[in-house]
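Q:
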Ligand SMILES: [Zn+2]
Ligand SMILES: [Zn+2]
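In the working numbering, the protein residues as written are 10 to 475.
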């Protein structure tokens, strides 16, 4: 009988990893990084609780690092088999893993400078570019909705999850001793109100379900309200003349913002002369999105076509890519009338810091926060109303208006999760809640019980039979 062991994302939302074992094979479902405090991230340095060389196949739901970021480590530790994912995910994974290797090598270098001075032993980066290159060689891109026999008696099918480009719900059918059992892993389910991507596909049958519960305890603000507020900020900024800065995450959120600005442009609301995308990583990601318009939501595809553009880029004709440092520095000289989208999303690094230095002190400037800001980050300080901010070595007065737009989530809210669960036919699948904080999982469990669906909250290391 097949078993599944929970090896990650049982407490919190990061470090997704599950080991599926059948009589003949071992399959690793997700291989995510633990993300959080320095102490929590030490978990990534530990050896895997299984022999990587003994795994026959890896199955990935989507490219986000908390689901994929430990793959180069797995390969470095001896894994040589196939890594399955959707085709767009292969391309996004290359961008994300290369950035992750860059950051891990940079952090190790900083740490080692300190250690050398202190006469301490040096540390190794979590992985290097070579590990990433080797990992990318093993990646195999599959098409949505097409079943693939990945191992003897194991069939994999990806269904649209609508979370980021290429994101998928994972269906695994395991045939043993003449009996077939179906395991469904929700992956990260998207927010059906978000632009660009299709809504998560509703699944009707499963024996066992691994269910994400990121927003198990709350609903998002209605998208219409968020968009009205966004439009008002654009109008206000047009009148006051200052620049608008949008710190944005490279994958997903940036493309959503570009799409929404495109809508405003097409509606005649956006009068700005230029929207700068000032992030090489976000530009590369946006280009992957262009290449995979066939997986876009049909309504949004039609909108793009009606604008006689057919692409995300020409839907917003004033969009300018800023790739080089020189191009980025040239934007610093613009004092008004520009919209600048730059990373990082929480203002902890990247080019946004320079734009903050040049704009925060201006009374007519606006900063729009469009994503989650962790405690302790400069982005959070702005949201919390800081009067001054330390950026690139300077103390800058915060005179700009700071706006927080809370509605742009890439995750399904509580009601959307419940609706998705509601689509399963009886008998309802045996459900395990993962990928959520304790409060979120408990709230979702409570709601599911009211729907007569039994849902368990597994502990780290727990093994269940499929
Ligand atoms: Zn995700
Ligand atoms: Zn996730």
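Don't be surprised by glycine CBs; every beta carbon is placed ideally from N, CA and C.
Being a predicted model, the structure only gives us computed values, none of them experimental.
Quick test of your reading: residue 163 and residue 31, contact by CB under 8 Å. State the CB separation rounded to the nearest angstrom.
A: The beta-carbon distance between residue 163 and residue 31, rounded to whole angstroms, is 7 Å. This is short enough to meet the 8 Å contact definition.
Q: Would the C-beta of residue 50 count as close to ligand 2, meaning under 8 Å from any of its heavy atoms?
A: False, no ligand heavy atom lies under 8 Å from that Cβ.
Q: Could you tell me whether the Cβ atoms of residue 344 and residue 322 are closer together than 9 Å?
A: no
Q: Can you name, in chain order, every residue of its own chain whose Cβ lies under 7 Å from the Cβ of residue 103, other than the five neighbours on each side?
A: 145
Q: Distance, Cα to Cα, residue 313 vs residue 72?
A: 25 Å
Q: According to DSSP, simplified to helix, strand and coil, what is residue 239?
A: helix
Q: Quick one: which unbroken beta strand (DSSP E) runs of 3-plus residues sit fully inside the stretch 280-335? Chain order, please.
A: You should have 283-286, 328-330.
Q: Report yes or no: do the stretch 465-473 and the stretch 243-261 share at least 3 C-beta pairs separated by less than 8 Å?
A: no
Q: Does DSSP classify residue 192 as helix, strand or coil?
A: strand
Q: Three or more beta-carbon pairs under 8 Å between the stretch 430-446 and the stretch 216-230, yes or no?
A: yes
Q: Below 8 Å, is the gap between the Cβ of residue 337 and the nearest heavy atom of ligand 2?
A: no
Q: Keeping to the same chain, check which residues put their C-beta closer than 6 Å to that of residue 169; ignore five residues upstream and five downstream.
A: 153, 207, 210
Q: Please report the residue range of the alpha helix (DSSP H) in which residue 274 lies.
A: Where residue 274 is concerned, the enclosing alpha helix (DSSP H) stretches over 262-275.
Q: Please report the residue range of the alpha helix (DSSP H) in which residue 142 lies.
A: It spans 138-147 - the alpha helix (DSSP H) in which residue 142 sits, taken as one unbroken run.
Q: Give every residue whose Cβ lies closer than 6 Å to any heavy atom of ligand 2, listed in chain order.
A: 22, 73, 75, 76, 197, 444
Q: Measuring only the C-alpha atoms, how far is residue 127 from residue 121?
A: 9 Å
Q: Is the closest heavy atom of ligand 1 to the C-beta of residue 281 under 8 Å?
A: Not under cutoff, so the answer is no.
Q: Any idea which residues DSSP pairs residue 399 with across the strands?
A: According to DSSP, residue 399 bridges with 404.
Q: Pick out the complete beta strand (DSSP E) segments inside the stretch 23-70, 3 residues or longer, and give them in chain order.
A: 27-30, 35-38, 66-68
Q: Would a C-beta distance cut-off of 9 Å place residue 255 and residue 377 closer than the cut-off?
A: A contact, by the Cβ cut-off of 9 Å.
Q: Below 8 Å on the Cβ atoms is my guess for residue 23 versus residue 43; work out the distance and round it to an integer in Å.
A: Right, the Cβ-Cβ distance comes to about 5 Å (below 8 Å), so this counts as a contact.
Q: Determine which residues share a DSSP beta bridge with residue 357 and list them.
A: Per DSSP, none; premise fails for residue 357.
Q: With respect to the beta strand (DSSP E) encompassing residue 462, which residues constitute its N-terminal and C-terminal limits?
A: Premise fails: residue 462 is in no beta strand (DSSP E) and is neither H nor E.
Q: Do residue 67 and residue 36 have their C-beta atoms within less than 9 Å of each other?
A: yes
Q: Here's the rule: buried if 16 or more other CB atoms are within 10 angstroms of the residue's CB, otherwise exposed. What is residue 228?
A: exposed
Q: State whether the stretch 188-204 contacts the stretch 112-121, with contact taken as three or more CB pairs (one from each stretch) at a distance under 8 Å.
A: no
Q: Among 441, 410, 417, which one has its Cα closest to the Cα of residue 14?
A: Looking from the CA of residue 14, the closest CA among 441, 410, 417 belongs to 441.
Q: Taking the C-alpha atoms as reference points, what is the distance between residue 304 and residue 406?
A: Cα to Cα, the separation comes out at about 44 Å.
Q: Looking only at DSSP bridge pairs, what is residue 164 linked to?
A: Partner(s): 158, 182.
Q: Given a cut-off of 9 Å on the beta-carbon distance, is the pair residue 182 and residue 166 in contact?
A: yes
Q: I want to check one thing, is the minimum distance from the CB of residue 419 to the heavy atoms of ligand 1 below 8 Å?
A: yes
Q: For residue 408, which residues from the same chain have a beta carbon less than 8 Å from its beta carbon, with the 5 sequence-adjacent residues on both sides left out?
A: 369, 370, 371, 372, 374
Q: With respect to 8 Å, is the separation between the Cβ of residue 229 and the closest non-hydrogen atom of ligand 1 below this value?
A: Outside the cutoff, so no.
Q: Following the continuous beta strand (DSSP E) through residue 417, name the residue where it begins and the one where it ends.
A: Unbroken run through residue 417: none, as it is neither H nor E.
Q: Report whether the distance from the Cβ of residue 172 to the nearest heavy atom of ligand 1 is below 8 Å.
A: yes
Q: What are the boundary residues of the beta strand (DSSP E) that includes residue 347?
A: 347-351
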